[in-house]
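Asker: Numbering (this note's numbering), first residue to last: 3 to 131.
Each residue gets a CB set at the ideal place from its N, CA and C atoms; glycine is no exception.
To start, I am sharing the structure in question, which I have written as structure tokens.
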């Protein structure tokens, strides 16, 4: 028996298309006592897992010289928003080697987005209007 037969995973619409190497800012709803607040976690996506349960992604950041990793489920309703700050240029799907690098070595080059002819044409139309 497969889990998809029992429960259909609902993807969170607040999560954009992300890939390993992206620098993201994740905002979570945290409830402490009777109050709710937003908590932000900013770092680099080092892993994306796709699965029958909806999948998850892992974000790593270095705080005060200590590496902190946090895994977020893609279907979690507690994720308020995910903002992609930079697209990193990587050649691997899992970036576990970043754990052993120091701060300067762990920087990635920024990926250039491909510009299609249609996007260039649309930009020319808006400039001429």
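1. Would you call residue 60 buried or exposed, if buried means 16 or more other Cβ atoms sit within 10 Å of its Cβ?
2. Whole angstroms are fine: how far does the CA of residue 66 sit from the CA of residue 159?
3. Could you give the DSSP three-state label for residue 6: helix, strand or coil?
4. Got a sec? Which residues, its chain only, sit under 6 Å from residue 85 by beta carbon, not counting five neighbours each side?
5. Report buried or exposed for residue 48, applying the criterion of at least 16 other Cβ atoms within 10 angstroms of its Cβ.
6. In the region 65 to 121, which residue ranges form an unbroken beta strand (DSSP E) of at least 3 residues, counting only runs that do not cross its ends?
7. For residue 64, which of 102, 22, 21 has the nearest alpha-carbon?
8. For residue 12 and residue 77, what's the separation of their Cα atoms in angstroms?
9. Could you compute how far the alpha carbon of residue 50 sits from the alpha carbon of residue 19?
10. Give the secondary structure of residue 45 by DSSP, where H, G and I count as helix, E and B as strand, and everything else as coil.
11. If you count every other CB in all the chains shown that lies within 10 Å of the CB of residue 35, and 16 or more means buried, which is it?
Answerer: The structure says:
1. buried
2. As displayed, the chain neither begins before 3 nor continues past 131, which places residue 159 out of reach and without an answer.
3. helix
4. 27
5. buried
6. Those beta strand (DSSP E) runs which fall completely within the region 65 to 121 and span 3+ residues are 68 to 75, 81 to 88.
7. 102
8. 6 Å
9. 11 Å
10. The three-state secondary structure of residue 45, taken from DSSP, is strand.
11. exposed
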